[in-house]
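Protein chains in written order, with my numbering: chain A, 177 to 393; chain B, 867 to 1232. Built from N, CA and C at the ideal position, the CB exists for glycine as well. Before any comments, here is the structure.
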Amino acid sequence: MNCPRCFVPLASAATACSRCGFSSLSVCQRLGDHLVRLDHLNDAAHCLKQSERRRIEGQLDDFDRRFPQVFLAVYCGVLPHGLNVSEAGFWLLNHAALATSDLAKRSDFGIVLIIDPAAGRAAFSVGYALENTLTQKHLQQILLGMKPHLAHSNYSEAASIAIRGIDRTLRSLGRSQPRACAAAHASPVDTDLGLPVLRARTSPPQTRPVTESQHHP
Amino acid sequence: MRSLVITTCLSLSLLAIAGHGWCEEGIDGVLPLPAWPDDGPENRPPLGGFLLPGGLLPPTFGSDNPAFPPGGSSGLNNASVTDLSLFLPESLLSRLQQNTSTQAAPTPDAALIDVGSEFLAEATAAPQDAHLIDPDHLITETQAEDIGRLLESHAEDARIKAYVMVLDRNQKLPRGINLSSTASGALTRSDSCLAVFPLGEPWRARLFLSKTVHDAATASYLASLTEDCANDAMLVSDPIEQLHRFSVRLSIRLFWIEKMMADEKPGTQPTAASRMLHPVDESIFDTKTPGLLTVRQHSLLTATLHAWPIFLIIALIIAGTILGLRLRRIHLARLKTHIWILPDPPFTERLGGAFGGGGGASIQFR
Chain A
177 MNCPRCFVPL ASAATACSRC GFSSLSVCQR LGDHLVRLDH LNDAAHCLKQ SERRRIEGQL
237 DDFDRRFPQV FLAVYCGVLP HGLNVSEAGF WLLNHAALAT SDLAKRSDFG IVLIIDPAAG
297 RAAFSVGYAL ENTLTQKHLQ QILLGMKPHL AHSNYSEAAS IAIRGIDRTL RSLGRSQPRA
357 CAAAHASPVD TDLGLPVLRA RTSPPQTRPV TESQHHP
Chain B
867 MRSLVITTCL SLSLLAIAGH GWCEEGIDGV LPLPAWPDDG PENRPPLGGF LLPGGLLPPT
927 FGSDNPAFPP GGSSGLNNAS VTDLSLFLPE SLLSRLQQNT STQAAPTPDA ALIDVGSEFL
987 AEATAAPQDA HLIDPDHLIT ETQAEDIGRL LESHAEDARI KAYVMVLDRN QKLPRGINLS
1047 STASGALTRS DSCLAVFPLG EPWRARLFLS KTVHDAATAS YLASLTEDCA NDAMLVSDPI
1107 EQLHRFSVRL SIRLFWIEKM MADEKPGTQP TAASRMLHPV DESIFDTKTP GLLTVRQHSL
1167 LTATLHAWPI FLIIALIIAG TILGLRLRRI HLARLKTHIW ILPDPPFTER LGGAFGGGGG
1227 ASIQFR
């Protein structure tokens, strides 16, 4: 894994980047430590037409049904000066409240695609659970497939390629089973109280004082 | 000097004017002008100084052309044909007219007659060096020499000698005939190929080969050889030209067979028994069916035999397409009815991130 800011390789349990000192703390000082609602498609830059939005949302819904654990979000927005797309992806992944009714979704199975039309950069940020599945090589190939469309400001087609690419990669690495079995898998009753477990593992967000000006719009 | 010349000219002119009446009467009486008989426009001679024979005249010549008298084009053609006929024998003229009139129509099977015993005797008695065997003398001497030279030239260079026996268009060989003694038995002295060629009907041509040659190639190859020669001959309409093209093509293909023989059996010496002539795939040349029909069946048969790999490929493509569509349908249905469960490996947090620690990739696209 690489540092989101300076892209140097990181040690397996590094608390901060040894080169630039990047950590969750440093990025939270810039963007805040609050949770944000993250939809499947977030077009803050308004670079997508309505029809394109519908098409991408349809694709994301299909993806959502196909992979009950995974949450894929596409964010198109102009980032604040001095913040690159990887840093924003890191922050979003760790501070996003997933806008889904499916309780099986977990943030560590999250994938965030961030496109900054102004900076001309795009990045994938993936959760811990998918780091071994969606390797940097896989993601780089998908990004290269998107590059011509991004260069021509065809963001909807780029997003479609990204969704299809991730879908194909995950299908090749995952284990398929009929949808009927999925319900049992998604909500296993393994407590004495007879209540389903929402998330296998959750980590309470760290509380940090942030000012209003540091909030991303 | 000039004034003297002018004066002389003037005086001569005056004399001529004064004696005009006398001169007119006198000359007409002594040298009368020729008188043309007015017996219709069709007998008027062509104007314009044309010396071309009738066959070379372009068809656009007609009454509109100012070089011809009105309505005189037919007269011109008649005159030209008449002129040419003066130099050609009647038999040739009648044969040419017959050939051109019945060129396209194949001879019906019922009209085909077996060649007579005189024909066969003549063919047998043909000299050994005669590569063109024309017992009925259907080809003129010049044309026969032309084709004969071609076949002799082939014989000088080739191991398989080519012989051509010419039949008339309504003639055919009797069934089961043995042609080994043709040309005084010259065909059995070396590897030979005898083509029996009905004039004007190349599709009825038959090949007889020495056994060694016959065995060197497959039946389908030999059938295709015959078909190739016949097809090449049918590119032209003149029977003699067809025979010429057939002979040229046959010569080329015999060289190919020779090469096949050299590749397969180097150094094999043919025996006398192996030089008996064998007909090529006689079932294809069924004389009970009309000639044209035979060609069509032949073409269809060989085309079918040769095209089976294409049919196989097309069938495989169709089957592959159907299978692909089927698999795609299954795949799409599976996408709707199945889910994919990913492994849930243990992990350690990095950079203080609860759910992600720098995993991913980025790209600069502008």
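Quick check on this structure: which residue in the options has the alpha carbon closest to the alpha carbon of residue i?
i	options	result
ASP349 (chain A)	A:TYR331, A:LEU310 and A:SER336	According to the sequence shown, residue 349 (chain A) is Leu rather than Asp. The candidate whose alpha carbon is nearest that of LEU349 (chain A) is A:LEU310.
ALA1096 (chain B)	B:ALA1083, B:ALA1082, B:VAL1079 and B:VAL1114	B:VAL1114
ILE1123 (chain B)	B:ASP975, B:GLY1223 and B:HIS1080	B:HIS1080
GLN312 (chain A)	A:HIS222, A:LYS323, A:PRO324 and A:ALA299	A:ALA299
ALA1255 (chain B)	B:VAL1102, B:LYS1038 and B:LEU1053	The requested residue 1255 (chain B) is not part of the displayed model; chain B covers only 867 to 1232.
GLN245 (chain A)	A:LEU320, A:GLY303, A:LEU326 and A:GLN226	A:GLY303
ASP980 (chain B)	B:ARG1041, B:LEU998 and B:PRO993	B:ARG1041
PHE1231 (chain B)	A:HIS222, A:ARG242, A:TYR331 and A:GLY234	A:TYR331
PRO293 (chain A)	A:ASN270, A:ILE318, A:LEU306 and A:LEU326	A:LEU326
ILE999 (chain B)	B:TRP1069, B:TYR1087, B:LEU1109 and B:VAL1102	B:LEU1109
TRP1069 (chain B)	B:ASP1094, B:ALA1049 and B:ILE1196	B:ASP1094
LEU207 (chain A)	A:ARG347, A:LEU259 and A:ASN308	A:LEU259
ARG1111 (chain B)	B:PRO972, B:ASP1012 and B:GLN994	B:ASP1012
MET1031 (chain B)	B:ALA1024, B:PRO993, B:ASP1023 and B:GLU1022	B:PRO993
GLY253 (chain A)	A:GLY296, A:GLN205 and A:GLN316	A:GLY296
ALA997 (chain B)	B:LEU978, B:ALA989 and B:LEU1017	A small correction: the amino acid at residue 997 (chain B) is His; Ala does not occupy that position in the sequence shown. When each option's Cα is compared against that of HIS997 (chain B), the closest is B:LEU1017.
SER352 (chain A)	B:CYS1059, B:SER1076, B:MET1100 and B:ILE1207	B:ILE1207
ALA1052 (chain B)	B:LEU1033, B:GLU1067 and B:SER1076	B:SER1076
LEU211 (chain A)	A:LEU217, A:ALA273, A:ARG344 and A:LEU255	A:ALA273
LEU214 (chain A)	A:ARG344, A:THR276, A:HIS314 and A:ILE342	A:THR276
CA-CA distance, residue i and residue j?
i	j	result
CYS196 (chain A)	PRO354 (chain A)	47 Å
ASP284 (chain A)	ILE1183 (chain B)	46 Å
PHE985 (chain B)	LEU1091 (chain B)	27 Å
ARG251 (chain A)	VAL184 (chain A)	Per the sequence presented here, residue 251 (chain A) reads as Tyr, with Arg not at that position. So the two alpha carbons sit approximately 24 Å from each other.
ARG1035 (chain B)	ASP1002 (chain B)	12 Å
ALA987 (chain B)	ALA1085 (chain B)	30 Å
LEU1073 (chain B)	TYR1029 (chain B)	10 Å
CYS889 (chain B)	LEU899 (chain B)	Interpretation of CYS889 (chain B) is limited by its pLDDT of 46, a score under 50 that renders its predicted location unreliable; the figure taken from the coordinates is listed afterwards. Taking the straight line joining both Cα atoms gives about 15 Å.
THR1008 (chain B)	ALA991 (chain B)	21 Å
LEU1116 (chain B)	LEU1189 (chain B)	47 Å
LEU1120 (chain B)	ALA1089 (chain B)	13 Å
LEU1193 (chain B)	LEU1178 (chain B)	22 Å
SER983 (chain B)	SER1019 (chain B)	30 Å
GLY1219 (chain B)	ASP219 (chain A)	25 Å
GLY265 (chain A)	PRO1175 (chain B)	58 Å
ILE1005 (chain B)	ALA1083 (chain B)	32 Å
ARG1216 (chain B)	HIS271 (chain A)	15 Å
ASN1044 (chain B)	ASP1057 (chain B)	16 Å
ALA189 (chain A)	GLN226 (chain A)	43 Å
PHE1213 (chain B)	CYS193 (chain A)	18 Å
VAL203 (chain A)	GLU263 (chain A)	7 Å
ILE290 (chain A)	VAL261 (chain A)	6 Å
SER1050 (chain B)	ASP995 (chain B)	9 Å
GLU233 (chain A)	PHE243 (chain A)	15 Å
SER363 (chain A)	GLY1186 (chain B)	Caution applies to SER363 (chain A), whose pLDDT of 48 falls short of 50 and renders its modelled position unreliable; the value that the coordinates give is listed next. Cα to Cα, the separation comes out at about 42 Å.
MET1127 (chain B)	ILE1118 (chain B)	15 Å
GLU1148 (chain B)	ALA1099 (chain B)	Low local confidence applies: a pLDDT of 47 at GLU1148 (chain B) is under 50, so the model's placement there is unreliable, with the coordinate-based value given in what follows. When rounded, the distance between both Cα atoms is 20 Å.
LEU320 (chain A)	LEU1101 (chain B)	59 Å
ILE287 (chain A)	LEU1191 (chain B)	32 Å
ARG1055 (chain B)	ARG1025 (chain B)	11 Å
My output table needs one value for residue i: the three-state DSSP class, helix, strand or coil.
i	result
CYS179 (chain A)	coil
GLN235 (chain A)	helix
ASN270 (chain A)	helix
ARG1115 (chain B)	helix
GLY321 (chain A)	helix
PRO394 (chain A)	Because chain A spans 177 through 393 in this model, residue 394 (chain A) falls outside it and cannot be assessed.
LEU1033 (chain B)	strand
ARG213 (chain A)	strand
ASN330 (chain A)	coil
LYS1077 (chain B)	helix
LEU255 (chain A)	coil
GLY941 (chain B)	The predicted position of GLY941 (chain B) is uncertain, since its pLDDT is 43 and thus under 50; no value can be drawn from it.
VAL246 (chain A)	coil
SER1228 (chain B)	strand
Residue i CB to nearest chain D CB: under 8 Å?
i	result
GLY1218 (chain B)	Chain labels in this structure do not include chain D; the protein chains are A and B.
4-residue-minimum alpha helix (DSSP H) runs that sit fully inside the segment 964-1015 of chain B, ordered along the chain
The qualifying runs are 983-990.
Residues of the segment 333-349 of chain A in Cβ contact with chain B at a cutoff of 8 Å, in chain order, please.
Flagged, chain order: LEU346, ARG347 and LEU349.
Contacting positions in the segment 210-241 of chain A - beta carbon closer than 9 Å to chain B
Of all residues in the segment 210-241 of chain A, ASP238 and ARG241 have a Cβ within less than 9 Å of some Cβ in chain B.
Please name the residues in the segment 1169-1187 of chain B whose beta-carbon is closer than 9 Å to at least one beta-carbon of chain A, in chain order.
Residues: none.
Could you tell me which uninterrupted alpha helix (DSSP H) segments, each at least 4 residues in length, are contained entirely in the segment 1084-1111 of chain B, listed from first to last along the chain?
List check, alpha helix (DSSP H) in window: 1085-1099.
Give the residues from the segment 1221-1232 of chain B that approach chain A closer than 9 Å (Cβ to any Cβ), ordered along the chain.
Residues PHE1221, GLY1222, GLY1223, GLY1224, GLY1225, GLY1226, ALA1227, SER1228, ILE1229, GLN1230, PHE1231 and ARG1232.
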